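Here the protein sequences line up with chains A and B, keeping their order. Under this note's numbering, think of the first position of the first sequence as 1, with each following residue one higher. Under this note's numbering, think of the first position of the second sequence as 1001, with each following residue one higher.
Protein chains: 2
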Amino acid sequence: MVEVKKKLEMLGEDVLNDINAGKNPDIDIPVRSLSNVIYDEKSKQLTLGNKVSKRFLFNVAHAKTFTQTMMIAAFCKELQEEGIHTSLRDLFYALKKTFPNSNENTFDEQSESDPIVVDLEVALDVLREQLHLNADVRGRAAGNLIIEDRGDTIDLSKLGTGGLAIPSNVEDMKFKKVKADYILVLEKNAAFERVHEDKFWQKQNCVLVTSQGQAARGVRRFIQRLSMEFDLPVYVMCDMDAFGFYIYSVIKYGSISLAHVSDRLGTPKAKFLGLTMDDIDNFKLHNFTIKAKEVDIKRAREMLKYEWFKSKEWQRLLKSLIERKIKAELEALSGRGLKFMTETYLPQKIKNEDFLD
Amino acid sequence: MVEVKKKLEMLGEDVLNDINAGKNPDIDIPVRSLSNVIYDEKSKQLTLGNKVSKRFLFNVAHAKTFTQTMMIAAFCKELQEEGIHTSLRDLFYALKKTFPNSNENTFDEQSESDPIVVDLEVALDVLREQLHLNADVRGRAAGNLIIEDRGDTIDLSKLGTGGLAIPSNVEDMKFKKVKADYILVLEKNAAFERVHEDKFWQKQNCVLVTSQGQAARGVRRFIQRLSMEFDLPVYVMCDMDAFGFYIYSVIKYGSISLAHVSDRLGTPKAKFLGLTMDDIDNFKLHNFTIKAKEVDIKRAREMLKYEWFKSKEWQRLLKSLIERKIKAELEALSGRGLKFMTETYLPQKIKNEDFLD
């Protein structure tokens, strides 16, 4: 694999060569709109099609974006050379300047620089994290896992109640040793803390991860790498509502807006553990469900049409949500007692392999 | 100090004694509305006044709340006895039941159980965390600090890029050893990661903390305990806008809604390091400011009237924000280079003790 710095230099050299040859320099940017997003049944991933648009320097409509693209690429090359990382917001401030002898700014809003970073990510086929641009940070982990990060050896079985704060960028993290049969991902931190306190990872031999809501890029990459490098199954537990199901699907298949990096952020092996409508019935959780809102029903109707929710089981679950007009949170299990999740629900579901794929 | 379990038992015994004596049982609940919130100049803390309201069992308006209070107190006693912790949401589900022979539920919404937990916190003079009810979780830390948490010894100088995930509940955490001259609190994680990558805590001998926005209770308690137990000064760095200033003031003085626990969550020693309007002028950050929104100006006007912002320096800063109608984010410092904060801004401000109190 060509290293990131080399790719950035090649981009610059191509433009220079065009200029020296008297040609109008251009960059190829793959199209990222929904029309070019494809669900690949075989790899089980959302991915980009072949549509490409060209960005020219000498074109009234492209000139500014072309210049901005070059500025950001040059900035990323500096980050590589200095060995430092930063955020999208900082990148915007660092590059915000007024062009000499004009009133025109290089960038007026961060909404101008953000999409160009994604353009570069797609055009160069690298992750934003490899460009040294860090994403939002969220997510924690605990279990029999030893990692190495920035020279430190960290034992995830010895991090107290908090667990590992998963960094925004896990590209340089090394997984040194793992003793686990599977990875359990919980949407909510409260459930993670409860299960962690009951030493579930020790008793059941697993690695616990919480995404704390929609999974940030760092968490998705962490789950993917851990699952792939050690061939570990991944079980995801979310609220029983359209938003919970979508959190699961993003971990597994990737997201529509980041379809170009599904292969590096998605975990095709992930399975949905719960909550399901069958759980509500089998574990007698009826008293702890909530009336679904209009927005939940609407979102569930949309998801019925997604290619990656077309299996019989998912269609049945989505339809039952729409018909019965109820939803449920992970905390509903506490209605059966605070240790019900650790001692009954999870062991039973996992033993019976009662998952949705 | 009377232990938490004992306090809960005494509450129950008082009610029982009233019943046995043929009296109408009642509980004293200190009033928590703004009319009873006082700024104590001497302790530099928001605190509650002396107003108390009584809650009776045999009173049509009180009967349900009285019962709910007893249910939650009993639940908290069980948590103590079993040695487990949970969240407010789980408590709600665990106690949601239908009264026998009726259509009446114990609790219909979490908005009924949450305020009663705070009532108990005030009435018993204990922290919610001591009742084993965990709050939202946010915040990270790194530095020359060794802690003990749930039997694990954790060295905060060896936790890679992520640092310590500060748990929601730090009551049982022990600070074993610290080598630091001060605590630096950064509102934003991006700034924390940048400063952490530059090994600022190592070079400057400090403990780094990020609150990741408004400080959660766990982070506030973490900062307070660390500062008090080792007599460490605390410098807080937030965006230059009304919301950033308020984040600082909550860390220092406590918040209006949680005035009853300021003594256990507030850090009177905290000082505001920046960003200030003088920073904008002195460090030439004009190009990186943002136009203030109407809501920023309005909030700044309100804060002008708060007792705890009455010092000459704060009044000057708030007024300059209103007059110049600009604000600035921590990331503005990146306009002067990505290492400007670590190498120039922070060392200079700290050396000159250029703080607001």
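We treat Cβ as the ideally placed atom computed from N, Cα and C, and that holds for glycine. For clarity, every value in this text was computed on a predicted model and none was experimentally measured.
- Residue pairing by DSSP puts B:LEU1208 in a beta bridge opposite B:ALA1142 and B:LEU1184.
- Per DSSP, B:ILE1223 has no beta bridge partner at all.
- Sorting B:ARG1140, B:THR1276, B:ASP1119 and B:TYR1306 by C-alpha distance to the C-alpha of B:ARG1220 places B:ARG1140 at the top.
- Of all residues in the segment 156 to 172 of chain A, the ones placed with a Cβ closer than 9 angstroms to any Cβ belonging to chain B are SER157, LYS158, LEU159, GLY160, THR161, GLY162, GLY163, LEU164, ALA165, ILE166, PRO167, SER168, ASN169, VAL170 and ASP172, in chain order.
- Secondary structure of A:PRO30 (DSSP, three-state): strand.
- Of B:GLU1193, B:VAL1060, B:ARG1128 and B:ALA1165, the smallest CA-CA separation from A:ASN134 is found for B:GLU1193.
- Rounded to whole angstroms, B:LYS1005 and B:ARG1128 show a C-alpha spacing of 13 angstroms.
- Neighbours of A:ASP149 in chain B, taken as residues at a C-beta separation under 9 angstroms, are given in chain order as LEU1159, GLY1160, THR1161 and GLY1162.
- Contact between B:LEU1131 and B:SER1113 is ruled out by a C-beta separation of about 12 angstroms, above the 8 angstroms threshold.
- Between the segment 98 to 118 of chain A and the segment 153 to 172 of chain A, the count of Cβ pairs shorter than 8 angstroms is below three; the stretches do not touch.
- Close CB contacts of B:ASP1357 within its chain, under the 7 angstroms cut and outside five residues either way in sequence, are with LYS1271 and SER1311 (chain order).
- Residue state for B:GLU1171 is assigned as coil, using DSSP reduced to three classes.
- Taking 4 residues as the shortest admissible run, the segment 1244 to 1301 of chain B contains the following complete alpha helix (DSSP H) segments, listed from N- to C-terminal end: 1262 to 1265 and 1277 to 1282.
- At a cut-off of 9 angstroms between beta-carbon atoms, B:LEU1333 makes contact with chain A.
- DSSP, read as helix, strand or coil, puts A:TYR235 in strand.
- Within 8 angstroms of the CB of B:ILE1247, no CB atom of chain A is found; the nearest one sits about 17 angstroms away.
- In the assembly as shown, A:ASN24 is an exposed residue. Its beta-carbon has fewer than 16 other beta-carbons within 10 Å.
- Taking a beta-carbon distance threshold of 9 angstroms, B:PHE1092 counts as an interface residue toward chain A.
- DSSP lists B:THR1153 and B:LYS1174 as the bridge partner or partners of B:GLU1148.
- For A:LEU91, the uninterrupted alpha helix (DSSP H) segment begins and ends at 88 to 95.
- Counting along the chain, A:ILE19 sits inside the alpha helix (DSSP H) bounded by residues 4 to 20.
- Annotated three-state conformation of B:ASP1114 is helix, per DSSP.
- Collapsing the DSSP output to three states places A:LEU356 in a strand.
- Inter-residue distance for A:ILE223 and A:GLU148 is about 16 angstroms (C-alpha atoms, whole angstroms).
- Runs of the alpha helix (DSSP H) lying entirely within the segment 42 to 95 of chain A, each at least 4 residues long, are 63 to 82 and 88 to 95 in chain order.
- Assignment of A:TYR345 by DSSP, reduced to helix, strand and coil, places it in the helix class.
- In the structure shown, B:ASP1125 falls within a coil segment according to DSSP collapsed to helix, strand and coil.
- In this structure the segment 301 to 321 of chain A touches the segment 239 to 248 of chain A; the number of beta carbon pairs closer than 8 angstroms is three or more.
- In the structure shown, the three-state DSSP call for A:LYS203 is helix.
- The Cβ atoms of A:MET173 and A:ARG138 do not sit closer than 9 angstroms to each other.
- Judged by their CB atoms, A:ILE154 and A:LEU232 are not nearer to each other than the 9 angstroms cut-off.
- With contact defined as three or more Cβ pairs closer than 8 angstroms, the segment 1060 to 1080 of chain B and the segment 1009 to 1022 of chain B are in contact.
- At a cut-off of 9 angstroms between beta-carbon atoms, B:ILE1072 makes no contact with chain A.
- The Cβ atoms of B:ALA1259 and B:ILE1038 sit closer than 9 angstroms to each other.
- Cβ atoms of A:LYS325 and A:LYS291 come within 8 angstroms of each other, at about 7 angstroms.
- In this chain, the beta strand (DSSP E) harbouring B:ILE1038 covers 1037 to 1040.
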